[in-house]
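Residue numbering for the sequence shown is 1 to 129, as defined by UniProt numbering.
Structure record follows, encoded as C-alpha cells.
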Amino acid sequence: MPLDQSHRAAPLWLTPGRKQFKKIEGSAFEDVGNCAPSWVEAVEPLVKELADGVKEWEKSHPRDYLLAGSLTNLKQALSRLKYNPYTRRDLINDYAYMCRCAHDVHALLKYLIKYEQLTLTGTEVAPAI
C-alpha cells in the first residue's frame, strides 16, 4: 500500500473525499454529482496497464475466463465512474468496487505469471513426492 499520496497507484488505495465529488449544477437533486475527472484520469493509465498485461498474457496462453471477466468488470466500473451521476455514498461504494476489481485483476495476473506453469489440469500425472 503506497504511503505516499502522490504515488501513481495511490488512487487505487485512497477513498474519494468531498473534493473529488463534483455536484451537478442545476440538478433538482441536491446531493447528486460525479467523480472528479482528475481522479478518473489518474486511474485510467493503471487500468490500461492491467488490460495490456492481460492482452500480453493471452497471446501465449489459453484464455483465462476469470481474468477476462474480472477485467471486464473493472472496465465497466471505470466507465460508470466517468459518466454516471451518483450520490456521494454511492460514488464511494462504486469507487471501492472499481478498486477491488483492479486489485483482483492485478493479483490474478501476477499469480498466473508466477504459478500457472506449476498447476495441473487433471490430465497430467501428479508429480512424485
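In this text, a Cβ means the ideal position worked out from N, Cα and C, and glycines have one as well.
Open item on the list: Starting from G53, trace the alpha helix (DSSP H) in both directions and tell me its first and last residue.
Closed with: Against the sequence shown, residue 53 aligns to sequence position 53. That run of the alpha helix (DSSP H) goes P37 to S60.
Task: Y65 burial status per 10 Å Cβ neighbour count (16 or more: buried) - done: For this step, residue 65 is matched to residue 65 along the sequence shown. Burial is judged here by how many other beta carbons sit within 10 angstroms of a residue's own beta carbon; Y65 has fewer than 16 and is exposed.
TODO: Taking only the alpha-carbon atoms, compute the straight-line gap between K23 and D52 and give it to the nearest angstrom.
DONE: What you label residue 23 is simply residue 23 of the sequence shown in a count that begins at 1. What you label residue 52 is simply residue 52 of the sequence shown in a count that begins at 1. CA-CA distance, K23 to D52, rounds to 33 Å.
Open item on the list: If the criterion is Cβ atoms closer than 8 Å, does the pair D104 and S70 meet it?
Closed with: As a first step, residue 104 must be located in the sequence shown, where it is residue number 104. As a first step, residue 70 must be located in the sequence shown, where it is residue number 70. A contact, by the Cβ cut-off of 8 Å.
- [ ] Compare the C-alpha of L109 against each of Y83, E49 and R89 and name the closest.
- [x] Walking along the sequence shown from the start, residue 109 turns up at place 109. Ranking Y83, E49 and R89 by Cα distance to L109 puts E49 first.
Open item on the list: Starting from K23, trace the alpha helix (DSSP H) in both directions and tell me its first and last residue.
Closed with: The count along the sequence shown starts at 1 and reaches residue 23 at position 23. Note, K23: premise wrong, no alpha helix (DSSP H); beta strand (DSSP E) at F21 to K23.
Task: Alpha carbon of G17 to alpha carbon of P11, nearest angstrom - done: Within the sequence shown, the letter at position 17 stands for residue 17. Within the sequence shown, the letter at position 11 stands for residue 11. Taking the straight line joining both Cα atoms gives about 11 Å.
Task: C-alpha distance - K82 paired with V32, whole-angstrom precision - done: Taking the first residue of the sequence shown as 1, we reach residue 82 at position 82. Taking the first residue of the sequence shown as 1, we reach residue 32 at position 32. Roughly 14 Å between the two C-alpha positions.
Open item on the list: Taking 8 Å as the threshold (C-beta atoms), are A68 and M98 in contact?
Closed with: In the sequence shown, counting from the first residue as 1, residue 98 sits at position 98. In the sequence shown, counting from the first residue as 1, residue 68 sits at position 68. No. Outside cutoff.
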